Structures are given as C-alpha cells and as structure tokens.
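See structure below.
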Amino acid sequence: MKYLHSQGVLHRDLKSENLLLDEDMCVKVADFGISCLESQCGSAKGFTGTYRWMAPEMIKEKHHTKKVDVYSFGIVLWELLTALTPFENMTPEQAAFAVSQKNARPPLPSACPMAFSHLINRCWSSNPDKRPHFDEIVSILEGYAEALEQDPDFFSTYKPSTGYSILQCLPKLTSCSRSSSF
1 MKYLHSQGVL
11 HRDLKSENLL
21 LDEDMCVKVA
31 DFGISCLESQ
41 CGSAKGFTGT
51 YRWMAPEMIK
61 EKHHTKKVDV
71 YSFGIVLWEL
81 LTALTPFENM
91 TPEQAAFAVS
101 QKNARPPLPS
111 ACPMAFSHLI
121 NRCWSSNPDK
131 RPHFDEIVSI
141 LEGYAEALEQ
151 DPDFFSTYKP
161 STGYSILQCL
171 PKLTSCSRSS
181 SF
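The numbers in UniProt numbering rise by one with no breaks, and the one at position 115 of the sequence shown is 115.
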C-alpha cells in the first residue's frame, strides 16, 4: 500500500479478501476493480467498496483521498489481531450506518497491546487528516517487529480470544516489505 500510494493509486476496496500471500508468505494486494488515480477520483458515487471495511467519507459519498485505504487497513489490522469479521453481528448496511452515523468501530480486545491499539485507532479515525500515511505505518510496524523480536516472552503472554494473531507473523511480514519488488 505504501508503494501504491507513492504512485498516486487509491485501492478503495482494501480488505482481507483482497490480500493474498505468495509462496514466501509475503502479502500481495489484489482486486483493483474500483481503484483510481488520486488525481482522477475523489468522490464515490454509487456503490464502491465493501461496507464493513469502508471509510465513513466513502459511505457518505464525500470527497476522499488515500486516507480511505488507511481506514480500511485499520479494519484489516483489527481483523488480523482478532481473527474475526468486522461487524459480524450486523448486515453490511447496518455496519455502514453505524460507522458513518454513529462513529462505530469494531471493539478492540482488552488483551490487545497498547501500541497496536493506538495504531488501529489512528487508522480508523473519523477525521481522515488524523490518519497516518502508509510510510509512517510501515515505520511503526517495523519498530513493533523489532520490539517483539527482543521480547521473547511476549508471545506466551498475549493470547487473543481466538488463539490466532498477526503478531506471530509480524517479523516475517515486515521483512517482506523491505525486500519486495514491485
């Protein structure tokens, strides 16, 4: 996503279903069906994207920027930390209403490390200007990976409710971002 944004591309439908793993367990972004160049898009008229991952400004069909992908990444990160579907107790339309009208977000688990909680909350801020850019997100995640490598007890103490977590893969995933070719 950092690379796509550096090229001026908005994905506009970032979600777990559009993230693929290659044979080296490196993430590849897929499905560019509703993507656009930032200079040529700015509002979403009609249905674009998937409500459970969609930023409030897209739901409201307002002007949007690269920050819609950052919002969606926050939802994906939550999904990876919890191994749950966002707003699974709601229809997609109910989720869209809750996000856009009530500022609802999926609940963060109490066991979620504070650093990840802080990053997720920044990513899904209702104010797009408060969301970080992907270059900052990559730097933050690389720092987290280094910290996790230096804390061998962490993996024995953090237990998400489902037993699955992206944190166990974070060192590998950040090494992919450093070595990927586009």
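Cβ atoms here follow ideal geometry from the backbone N, Cα and C, with glycine treated the same way.
Every value quoted in this text rests on a predicted model; they were computed, and no experiment measured them.
* What is the C-beta distance between Phe87 and Pro106, in whole angstroms, given that I count them as a contact (C-beta under 8 Å)? -> Residue mapping note: residue 87 aligns to position 87 of the sequence shown, counting from 1. Residue mapping note: residue 106 aligns to position 106 of the sequence shown, counting from 1. Yes, they are in contact, since the Cβ atoms of Phe87 and Pro106 sit about 6 Å apart, within 8 Å.
* **Contained beta strand (DSSP E) runs [length at least 3] in the UniProt domain "Protein kinase" (1–145), N- to C-terminal order** => 19–21 and 27–29
* Go ahead and label Asp13 buried or exposed: buried means 16 or more other beta carbons lie within 10 angstroms of its beta carbon, across all protein chains shown. => Translated into the one-based positions of the sequence shown, residue 13 becomes position 13. By the 10 Å Cβ count, Asp13 comes out buried.
* To do: Using the Cα positions of Glu61 and His133, report the straight-line distance between them to the nearest angstrom.
  => Numbered from 1 along the sequence shown, position 61 holds the residue referred to as residue 61. Numbered from 1 along the sequence shown, position 133 holds the residue referred to as residue 133. Approximately 21 Å between the Cα atoms of the pair.
* **Exposure label - Pro56; buried when at least 16 CB within 10 Å** => To locate residue 56, count along the sequence shown from 1; it is residue 56. By the neighbour-count rule (16 or more Cβ atoms within 10 Å), Pro56 is buried.
* Taking buried to mean at least 16 other C-beta atoms within 10 Å of its own C-beta, is Asn50 buried or exposed? -> The residue given as residue 50 occupies position 50 in the sequence shown. The sequence shown places Thr at residue 50, rather than the Asn named in the question. Its Cβ being crowded by 16 or more others within 10 Å, Thr50 is buried.
* Could you say which of Phe116, Gln40 and His5 lies nearest to Glu79 if we only look at CA atoms? => As a position in the sequence shown, residue 79 is number 79, starting the count at 1. Closest by alpha carbon: Phe116.
* Asked: Out of Phe32, Ala95, Gln7 and Lys102, which has the shortest C-alpha to C-alpha gap to Leu19?
  -> As a first step, residue 19 is located in the sequence shown; it is residue number 19 there, counting from the start. Checking every option, the nearest Cα to that of Leu19 belongs to Phe32.
* To do: Spell out whether any CB of chain B is found under 8 Å from the CB atom of His11.
  => The chain labelled as chain B is not found in the depicted structure, where only one protein chain is given.
* Asked: Nearest CA to the CA of Lys15: which residue from Lys130, Phe73 and Val27?
  -> Against the sequence shown, residue 15 aligns to sequence position 15. Among Lys130, Phe73 and Val27, the Cα nearest to that of Lys15 belongs to Phe73.
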